[in-house]
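J.:
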Amino acid sequence: FLYARLRDESWKVRRNTLLVLSHLVTNEMVKVKGQISEVALCIVDENEEIVDLAKRFFSELSLKGNTLYNVLPDIISHLSNPASDVTVEEKNFEIILKYIMDQIQKEKQLENLVEKLCKRMKESICERQWKDLAFCLSLLPWSDRSLRRLIDHAYCFCDRLLYQPVATLFLNIVATVTRSNKP
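The numbers in UniProt numbering rise by one with no breaks, and the one at position 159 of the sequence shown is 159.
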């Protein structure tokens, strides 16, 4: 119920809801649940104050151990799910995920995220989801270990490379890795 108020027409209701949720979550009074994608949508709200509050929420959440890392795959899946009750434009999806994924800094989490996203790509059912997951992979900073994880899980996405937008994103990953490994 509380998360639903983040979609209220009144920006004041959305702001107050976000303030209450931020307080409850950051003080560990409420566990972060699957509805966290509702907070993620606030990153592209029309009201700048709400955008700032949502960004601060995810910045603070990233400092709480593995919490953000643990819910990130569900945020991605919910925002890119065509059967979801919320339709998110690709541009907004990209803005949201660029910000949230930038909050994940631990190398081990980034490596594990590669594996999780690859497995989600295998389970995904539509081209939009494939592209969204490939986009998220393209946002990651690549190390030798994370690249090894990607290669080890190529079976999860190899057939998705036939879809041109996904292939293009993977070519961008290759270009990024190639550039970063030059002496």
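Even for Gly, the Cβ is constructed at its ideal location relative to N, Cα and C.
Roughly how many angstroms separate the alpha carbons of LEU139 and MET101, rounded to a whole number?
T.: Against the sequence shown, residue 139 aligns to sequence position 139. Against the sequence shown, residue 101 aligns to sequence position 101. Rounded to the nearest angstrom, the two C-alpha atoms are 7 Å apart.
J.: How is the alpha helix (DSSP H) around MET101 delimited, first residue to last?
T.: Taking the sequence shown and counting its residues from 1, one reaches residue 101 at position 101. Residues 90–102.
J.: Assign TYR163 to one of three DSSP states: helix, strand, or coil.
T.: To locate residue 163, count along the sequence shown from 1; it is residue 163. Here TYR163 sits in coil by DSSP.
J.: What separation, rounded to the nearest whole angstrom, lies between the Cα atoms of residue 251 and ILE43?
T.: Nothing can be reported for residue 251, as the shown portion of the chain is limited to 1 through 183.
J.: Put LEU140 into one of helix, strand or coil per three-state DSSP.
T.: The residue you call residue 140 lines up with position 140 of the sequence shown. Coil.
J.: Can you tell me whether DSSP reads ILE125 as helix, strand or coil?
T.: Within the sequence shown, residue 125 is the residue found at index 125, counting from 1. If DSSP states are grouped into helix, strand and coil, ILE125 belongs with coil.
J.: Would you report the Cα separation of ARG148 and ASN112, rounded to the nearest angstrom?
T.: Counting from one through the sequence shown, the residue named residue 148 turns up at place 148. Counting from one through the sequence shown, the residue named residue 112 turns up at place 112. Using only the alpha carbons, I get a separation of about 11 Å.
J.: Could you check whether ILE96 and LEU79 sit closer than 9 Å to each other, using their CB atoms as the reference points?
T.: Along the sequence shown, one-based indexing puts residue 79 at 79. Along the sequence shown, one-based indexing puts residue 96 at 96. Yes; because the gap between Cβ atoms is below 9 Å, this pair is in contact.
J.: With DSSP as the reference, label GLN35 as helix, strand or coil.
T.: For this step, residue 35 is matched to residue 35 along the sequence shown. DSSP places GLN35 in coil when its eight states are reduced to three.
J.: Check each candidate in VAL25, ARG15, PRO82, TYR99 and name the one with the smallest Cα separation from ILE50.
T.: Residue mapping note: residue 50 aligns to position 50 of the sequence shown, counting from 1. Looking at the Cα atoms, ARG15 is the closest of the given residues.
J.: Does DSSP put GLU46 in a helix, a strand or coil?
T.: Taking the first residue of the sequence shown as position 1, residue 46 is located at position 46. Coil at GLU46, not helix or strand.
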